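As structure tokens, the structure follows; a few thoughts come after it.
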């Protein structure tokens, strides 16, 4: 850890906890697969791990990270100045592209199978492709999840060009329109990638929402998903 980085964390700690004893800091950059940052308190020492993607960050951004991590650890209010500074930097186009590249080259994606016991995601994809996209959408990697996830029902991973659908839906009593809607929603993420506008991530653009409303059983599918 450089003396400058240690000093930065010391200053933010003192700002947030002016009367508390100064702990020993251990700050390291690590080869994460994303812009991860963590802080842990062990035996009176603070251990901080920062993604090596942040090594080139300006001092103001590193200071913002130090403030955010320490504030979260000790349940202190996070100053908006630091939160906005960190968000603008990490969501900027150069950093976003670098993070995406790292996810592709370092990350691993667990791929199981598209063919479930009751539904074949490849078959459902091709049906939706012809029905809504004139058969022109290239098929990504399709897979059922490894367990019956109830929080993350579906997900499109742009870094690995993979759509995952929760295995909880691969059962005979699941209406086909629910499977189709979940997959259609993720296909729209493939067609309408996340954009950064004025420093904010736009996940569901107006175009995305307009196309989603074209799904005939939209309300029925959403009502079914709420029952889970």
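Residue numbers (the numbering used here): 821 to 1048.
Note that the Cβ used here is the ideal one computed from N, Cα and C, for glycine as well.
All values reported here derive from a predicted model rather than from experimental measurement.
As DSSP reads the structure, residue 974 sits in a beta bridge with 985. For residue 826, the closest alpha carbon among the candidates 1045, 886, 944, 974 is that of 886. Within the same chain, Cβ atoms closer than 7 Å to the Cβ of residue 955 are found at 949, the five residues on either side in sequence being excluded. 1006 is the residue among 907, 919, 920, 1006 whose C-alpha sits nearest the C-alpha of residue 982. Ranked by how close their Cα comes to the Cα of residue 1015, the residues 916, 1042, 985, 939 have 916 in first place.
Three or more beta-carbon pairs separated by less than 8 Å link the region 868-887 to the region 895-907, which places the two stretches in contact.
Per DSSP, reduced to three states, the secondary structure at residue 849 is strand. Counting C-beta pairs with one atom in each stretch, the region 1022-1035 and the region 978-994 have fewer than three that are closer than 8 Å, which means they do not touch. A check of alpha carbon separations from residue 985 across 995, 993, 1000 identifies 1000 as the nearest.
Here the alpha carbons of residue 996 and residue 920 stand approximately 33 Å from one another. Secondary structure note for residue 881: its alpha helix (DSSP H) is the uninterrupted segment 879-893.
Judged by DSSP secondary structure, residue 991 falls outside any beta strand (DSSP E); it is assigned neither H nor E. Apart from the 5 residues on each side of it in sequence, residue 860 sits with its Cβ closer than 6 Å to the Cβ of 867 in its chain, given in chain order. Under the 10 Å beta carbon count, residue 963 is surrounded by 16 or more other beta carbons and is classified as buried. Shown here for residue 935: same chain residues with a beta carbon closer than 8 Å to its own, the five before and five after excluded, namely 941, 942 in chain order.
The three-state reading of DSSP puts residue 1034 in coil, since its state is none of H, G, I, E or B.
Note on geometry: alpha-carbon atoms of residue 989 and residue 893 lie some 38 Å from one another. Burial state of residue 857 is buried, judged by a 10 Å Cβ sphere holding 16 or more other Cβ atoms.
For residue 950, the three-state secondary structure derived from DSSP is helix.
Per the DSSP secondary-structure output, residue 825 pairs with nothing in a beta bridge.
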